[in-house]
Structure formats: C-alpha cells, structure tokens
Amino acid sequence: SQTIHQWPATLVQPVGSPLSLECTVEGTSNPNLYWYRQAAGRGLQLLFYSVGIGQISSEVPQNLSASRPQDRQFILSSKKLLLSDSGFYLCAYKRHRLGGYTFGSGTRLTVV
Amino acid sequence: GESVGLHLPTLSVQEGDNSIINCAYSNSASDYFIWYKQESGKGPQFIIDIRSNMDKRQGQRVTVLLNKTVKHLSLQIAATQPGDSAVYFCAENGGGSNYKLTFGKGTLLTVNP
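Protein chains in written order, with the working numbering: chain A, 15 to 126; chain B, 9 to 121.
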C-alpha cells in the first residue's frame, strides 16, 4: 500500500533561520509530488510541484524553494525564514492523471 | 482558481440533519472532481470522487452531484454527526492539466449536538 510521511509535525523557528521540511512516499514509483501551504482558516495554496527527479515547478514567487533528489523524496527549504512563512505546510502525491492527491499529515511552522 | 486569500464560508447544522455543501467550478474542460475533508490540524482526506461522465455518485452516507451545465458540484452528507465537523474542499482536474488539482475555497461544517 502507498503511504506518505511528512516531518516534523510542528516547528518553531526564529526569523532568519533556515528551513528544511521533508516528505517521502512509499509503495509507488514516479509519483507527482506537491507542496501546499495553508494559512489559518484559509484555502490551499500550491507552492511547488514535481513530475520527476530534479524537475520542480514553482507556482508563486516566494522565499521558499523545493528539491526532489530522489524519486520519492520532496524537500521544502528556505535559507532565511520570514514571519510571513508561518503556516501549515502539506505535502501530497498523485499517482494517475485521473486521481486525487493523498496528503501527508502536515507541518505546522511558526516563525517567531 | 484557488481562492486562498478568502475566509471560509461556514455551514452549521444540527446532529442528524442532512448537510449540503456546494462548490462552483470554472473550467468546463474539467473531467474529474473530488471532495476532501480536513479536520483541524490534519491533512485533507479523500471522501468521494466523480468523473464528468456521471452526474451522481453515492458512498457511505455521502453523495456527490455534478451539474456540468451550470458547473456546480455538491456534497450531501446524510444524518450528519459531530465527527463530520471539518472543512470540506472540492477539487477539479482540468482536462488540459495532467498534474494539478484546482481546489475550491472550502466550507467549514459545524455540527451541533
């Protein structure tokens, strides 16, 4: 069966510090991978998606970057966090064109 | 498109009542639709999906209706329970984009005991 792991669950980081959030998928190969951000009480904002190793598409200009060093690994990074980077970050994967996403459990990031 | 900057609309129902959550989509080429449920502090979870060649699909206590003429999708929850309290998102797979789902803005459902 397929599973998706996302960590850490919560993170408190000072402004200006670096960030690395990791997401891994098990039980499937060559998935499409996604990073979303969700502010409190708001909808889902797509940040990055990847259709293969080393292939990253950015949806919005921002202080974040993404990388896909392995087929089932997706990393969200920042060199220097801003207060506005606070939010709930969700990783997701998609196996087929006509299929939904499976989401990870999310990371609550608070930048202080 | 994604309405990520808007506060969520809300729906409040009594336990045992039926709930109807609505969603309007904009892409007439979308061929696949999904409803997700997101509980507080968790990732969204798949509830039910429907392809564009159908107008109704039923699951356990849930029914999705698709009206392609007016580009409208609805989720009906029968005998709503307190555990159904969550934010519900609709999503569409645009026919021209194989990679991304477009999410609606979400509806906060509150079930009163």
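For every residue, glycine included, the Cβ atom is placed at its ideal position computed from N, Cα and C.
Which listed residue (the options) has its alpha carbon closest to that of residue i
i, options, result
"K76 (chain B)", "B:A32, B:Y96 and B:Q46", "B:A32"
"F111 (chain B)", "B:P121, B:G24, B:L19 and B:Y44", "B:Y44"
"R59 (chain B)", "B:Q46, B:S48, B:R69 and B:L74", "B:L74"
"P52 (chain B)", "B:V21, B:L116 and B:R65", "B:L116"
"P28 (chain A)", "A:G41, A:S43, A:L60 and A:D99", "A:D99"
"P22 (chain A)", "A:A80, A:L104, A:S43 and A:Q16", "A:L104"
"T38 (chain A)", "A:F102, A:P83, A:L123 and A:K94", "A:P83"
"N101 (chain B)", "A:F102, A:S119 and A:G114", "A:G114"
"Q76 (chain A)", "A:R86, A:D85 and A:L90", "A:L90"
"Q69 (chain A)", "A:Y48, A:L78 and A:A54", "A:Y48"
"K50 (chain B)", "A:L78, A:G120 and A:V125", "A:G120"
"V21 (chain B)", "B:Y107, B:D39, B:S38 and B:Q84", "B:Q84"
"G66 (chain A)", "A:Q59, A:Q87, A:T116 and A:Y50", "A:Q87"
"S34 (chain B)", "B:K113, B:A94, B:D92 and B:V70", "B:K113"
"N30 (chain B)", "B:G24, B:L19 and B:N61", "B:L19"
"N61 (chain B)", "B:S36, B:S27, B:Y96 and B:N120", "B:S36"
"F102 (chain A)", "A:V125, A:A80 and A:K94", "A:V125"
"D57 (chain B)", "B:S48, B:Q46 and B:D39", "B:D39"
"L16 (chain B)", "B:F97, B:D25 and B:P90", "B:F97"
"G55 (chain A)", "B:P121, B:A94 and B:K108", "B:A94"
"S64 (chain A)", "A:L95, A:S79 and A:S31", "A:S79"
Where residue i meets chain B, residues with beta-carbon distance less than 7 Å
i, result
"S119 (chain A)", "K50 and G51"
"G63 (chain A)", "Sequence check: residue 63 (chain A) is Tyr here, not Gly. The answer, in chain order, is Y107 and K108."
Segment limits, beta strand (DSSP E) that includes residue i
i, result
"Q22 (chain B)", "T18 to Q22"
"K64 (chain B)", "K64 to Q66"
"N101 (chain B)", "A94 to N101"
"D57 (chain B)", "Q53 to R59"
"A37 (chain B)", "Unbroken run through A37 (chain B): none, as it is neither H nor E."
"A32 (chain B)", "S27 to A32"
"S64 (chain A)", "Q59 to G66"
"P83 (chain A)", "S79 to Q84"
"A106 (chain A)", "G101 to K108"
"V72 (chain B)", "V70 to N75"
"V119 (chain B)", "T115 to N120"
"R122 (chain A)", "T121 to V125"
"S92 (chain A)", "Q87 to S92"
Interface residues of chain A facing residue i [CB-CB closer than 8 Å]
i, result
"I58 (chain B)", "What I58 (chain B) touches in chain A: nothing, since even the nearest Cβ is about 11 Å away."
Chain-ordered chain A contacts of residue i [CB-CB under 9 Å]
i, result
"G24 (chain B)", "Chain A residues near G24 (chain B): none, gap ~27 Å exceeds 9 Å."
7 Å Cβ cut-off: residues of chain A touching residue i
i, result
"G114 (chain B)", "G57"
"I42 (chain B)", "G114"
"A94 (chain B)", "Within chain A, no residue comes near A94 (chain B); the closest Cβ sits about 13 Å away, beyond 7 Å."
"A87 (chain B)", "None at all; the shortest Cβ gap to chain A is about 25 Å."
Residue i: contacting residues in chain B (beta-carbon distance under 8 Å)
i, result
"L78 (chain A)", "Going along chain B, no residue has its Cβ under 8 Å from L78 (chain A), so there is no contact; the nearest lies around 15 Å."
"L104 (chain A)", "G51 and P52"
"L96 (chain A)", "Under the 8 Å cutoff, chain B gives no residues; its nearest Cβ is about 18 Å from L96 (chain A)."
Rounded distance between the beta-carbons of residue j and residue i, thought under 8 Å
i, j, result
"A86 (chain B)", "I42 (chain B)", "About 19 Å; that fails the 8 Å criterion."
"L33 (chain A)", "S92 (chain A)", "4 Å"
"T118 (chain B)", "E23 (chain B)", "Not a contact, Cβ separation roughly 11 Å."
"Q40 (chain A)", "Q20 (chain A)", "According to the sequence shown, residue 40 (chain A) is Glu rather than Gln. That belief does not hold up - the Cβ atoms of E40 (chain A) and Q20 (chain A) are roughly 12 Å apart, past 8 Å."
"Y107 (chain A)", "N46 (chain A)", "6 Å"
Chain D within 8 Å of residue i, Cβ atoms only
i, result
"L60 (chain A)", "The displayed structure is made up of protein chains A and B, and chain D is not among them."
_Whole beta strand (DSSP E) elements within the region 25-49 of chain A, 3-residue minimum_ = 33-40
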